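Q: The number in the numbering used here is simply the position in the sequence shown, starting from 1, with 3 added.
Cβ atoms here follow ideal geometry from the backbone N, Cα and C, with glycine treated the same way.
Treat the numbers as computed from the prediction; the structure is a model and nothing was measured.
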Amino acid sequence: NGASVSVTVNGVTTYPPIYYTSPTQIAAVLPAATPVGTGTLTVNHNGVVSSNAAIRVVPSAPGITTYQGSGVAQDASTFALISYTNSVKPGDTIILWGTGLGADPDDSDTTYTSTPHQVQTALQIYIGTVQANIVYQGASVYPGVDVIGLTIPQSAPTGCWVPVAVLAGNIVGNFATLPINTSGGACVEPGTGLTGNQIAPQGGQTLRTGLVTLVQAPEGKNAPRSNSANAAFVKYDGIYTPNNPVSQGNCIANNLMPATVGNITGLDVGTVTLAGPAGLSVTLASQFGIKGTFNAILSATAIPATGGTFTFKGSGGADVGPFTTSFNLSNPLIAWTNQSDVASIDRSKSLKITWTGGNPGSSVYISGTSTVPGTTTLGEFQCLASADAGQFTIPSFILGALPVGSGGINVQNDILAPLSATGIDIGQGQATISYNAAASFK
4 NGASVSVTVN
14 GVTTYPPIYY
24 TSPTQIAAVL
34 PAATPVGTGT
44 LTVNHNGVVS
54 SNAAIRVVPS
64 APGITTYQGS
74 GVAQDASTFA
84 LISYTNSVKP
94 GDTIILWGTG
104 LGADPDDSDT
114 TYTSTPHQVQ
124 TALQIYIGTV
134 QANIVYQGAS
144 VYPGVDVIGL
154 TIPQSAPTGC
164 WVPVAVLAGN
174 IVGNFATLPI
184 NTSGGACVEP
194 GTGLTGNQIA
204 PQGGQTLRTG
214 LVTLVQAPEG
224 KNAPRSNSAN
234 AAFVKYDGIY
244 TPNNPVSQGN
254 CIANNLMPAT
264 VGNITGLDVG
274 TVTLAGPAGL
284 SVTLASQFGI
294 KGTFNAILSA
304 TAIPATGGTF
314 TFKGSGGADV
324 GPFTTSFNLS
334 NPLIAWTNQS
344 DVASIDRSKS
354 LKITWTGGNP
364 GSSVYISGTS
374 TVPGTTTLGE
384 FQCLASADAG
394 QFTIPSFILG
404 ALPVGSGGIN
414 VQNDILAPLS
424 ATGIDIGQGQ
434 ATISYNAAAS
444 FK
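1. I'd like to confirm something about residue 444: is its beta-carbon nearer than 7 Å to some heavy atom of the ligand GTP, or not?
2. Pull up the distance between the alpha-carbon of residue 427 and that of residue 366, whole angstroms please.
3. Whole angstroms is fine: what's the gap from residue 131's alpha carbon to residue 220's?
4. Could you tell me if residue 350 is buried or exposed, where buried requires 16 or more neighbouring beta carbons within 10 angstroms of its beta carbon?
5. Closest by CA to residue 282, which one among 289, 293, 312, 254?
6. Can you list the beta strand (DSSP E) stretches of 3 or more residues lying completely in the segment 320-376, in chain order?
7. What number of angstroms, rounded off, separates the C-alpha of residue 147 from the C-alpha of residue 435?
8. Mind checking which residues open and close the beta strand (DSSP E) that includes residue 82?
9. Report the residue from 102, 170, 191, 127 whose alpha carbon sits nearest the alpha carbon of residue 86.
10. For residue 235, which three-state DSSP category applies?
11. Which of the three DSSP states, helix, strand or coil, is assigned to residue 447?
12. Which ranges does the beta strand (DSSP E) cover as unbroken runs of at least 3 residues, wholly within the segment 253-320, from first to last along the chain?
13. Within this structure, are the beta carbons of residue 295 and residue 269 separated by less than 8 Å?
14. Spatial neighbours of residue 353 within its chain, please: C-beta separation below 7 Å, excluding the five flanking residues on both sides.
15. Since residue 254 and residue 385 should fall inside the 8 Å C-beta cutoff, what is the C-beta to C-beta distance between them, to a whole number of angstroms?
16. With DSSP collapsed to three states, give me the class of residue 444.
17. Within 10 angstroms of the Cβ of residue 305, are there 16 or more other Cβ atoms? Answer buried if so, exposed if not.
18. Note down the Cα distance separating residue 416 from residue 438, rounded to an integer number of angstroms.
19. List the endpoints of the continuous beta strand (DSSP E) containing residue 173.
20. Give me the Cβ distance between residue 432 and residue 328, rounded to the nearest whole Å; I'm assuming they're in contact under 8 Å.
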């Protein structure tokens with residue numbers, strides 16, 4: 004369509020061949036002959052040349068191709084796509100697709116090749132926190148598209164969202180996830196029992212879900228803690244992925260994708276009430292007038308430090324039958340014991356988070372954000388740990404994926420309870436006791 008691209012770095016100009024163009028986007032292959040360094044990029048469209056745009060070329064900046072957060076991977080023996088319903092097993096060899104491994108002068112920048120070559124970049128790949136053995140890294144048959152063959156470690160964690168990270172020196176690529184199950188087939192989340200068949204319903208299947216939550220969170224520095232109760236009963240079509248999911252015992256970073264859901268419709272569940280210690284008894288109000296969603300702001304003393312039993316009840320409605328679910332919060336509630344350690348974080352070192360209390364058998368969700376002052380650049384990580392451990396160490400390669408900047412760390416105890424009722428396929432109760440602290444990332 005008359006478009007061309009030129010890149011000039013250190014006095015050398017190259018012309019990236021174009022894969023495709025659209026009104027707002029150009030995809031092109033950076034030629035292997037482009038030097039490393041800073042330079043400029045321009046676009047020429049039918050003789051009209053754009054202004055210069057800054058470009059920085061590095062030896063390697065690996066990126067994993069993803070679909071809705073999950074890494075695009077194939078079984079190396081059958082070439083079947085790895086999916087929520089076709090998990091990879093420990094010991095299997097898979098092929099990850101991506102780009103950015105580095106210059107490949109032995110293969111064409113413009114045409115298909117039947118004899119791709121390896122790219123000799125020093126790589127590390129982590130499945131969760133376990134390093135994987137790489138069997139091939141380099142070009143695919145397509146220009147600019149790389150593949151990595153690797154073996155899933157026998158000690159790799161299992162779950163539907165096991166993180167995958169590719170490191171090239173001190174550069175951490177984007178994070179993806181893989182479904183891993185010791186027996187293959189549909190993945191299973193160890194913390195919740197959620198299965199791949201529920202995450203990725205087949206053939207336009209509709210899933211009906213119910214969630215009730217009890218939340219205690221800080222309102223601000225030296226401010227009282229706030230308490231609230233919420234409920235949501237909806238049905239959706241197609242794939243459902245919670246926001247930034249990660250399987251227990253693992254961390255993921257820079258996966259700032261929104262929650263992915265199909266078409267959502269509220270369900271009539273009747274009225275929803277909450278009862279708790281010291282005579283707590285409230286009826287949740289309809290939230291924003293949206294069918295199936297409810298909220299109640301509770302008093303500052305509604306969730307005591309000594310815990311107690313809290314019970315949600317639904318009267319039942321046209322779509323969902325009656326339900327009852329209860330939490331027995333521990334005495335004492337979880338307490339984050341080393342908040343001061345996160346005031347200044349060295350991203351090149353691992354960071355230990357410690358706590359006392361919390362419900363036995365529950366999870367501790369740890370997250371953090373860092374923003375570069377004066378910019379919109381934001382990095383984020385999430386980890387999911389066992390509350391019983393009393394501590395969790397965030398790996399340095401996770402912290403290194405965040406930019407130098409300021410932000411905060413959040414630590415929360417998530418307590419789950421079963422919820423079942425006629426008219427829903429997936430139900431869950433969740434209580435959350437949360438803390439946060441300001442942090443500087445260096």
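A: Here's the rundown:
1. Although the ligand GTP was asked about, the structure shown includes no ligands whatsoever.
2. So the alpha carbons of these two residues sit roughly 25 Å apart.
3. Cα-Cα distance, rounded: 29 Å.
4. Buried, by the Cβ-count rule.
5. It is 312 whose Cα lies nearest to the Cα of residue 282.
6. The qualifying runs are 326-332, 354-359, 366-374.
7. Approximately 45 Å, taken between the alpha carbons.
8. Unbroken run through residue 82: none, as it is neither H nor E.
9. For residue 86, the closest alpha carbon among the candidates 102, 170, 191, 127 is that of 191.
10. Residue state, collapsed to three classes: strand.
11. Coverage of the chain is limited to positions 4 through 445, which leaves residue 447 absent and any answer about it impossible.
12. Runs of the beta strand (DSSP E) lying entirely within the segment 253-320 and spanning at least 3 residues, in chain order: 253-256, 267-269, 275-279, 283-286, 296-301, 311-317.
13. A distance below 8 Å separates the beta carbons of residue 295 and residue 269.
14. Closer than 7 Å at Cβ, skipping near neighbours: 396, 397, 398, 399.
15. About 7 Å separates the beta carbon of residue 254 from that of residue 385, a gap short enough to meet the 8 Å contact definition.
16. Three-state result, residue 444: strand.
17. Label assigned to residue 305: buried.
18. Answer to the nearest angstrom: the Cα atoms are 9 Å apart.
19. Segment: none, residue 173 is in no beta strand (DSSP E) and carries neither H nor E.
20. That pair is a contact at about 4 Å.
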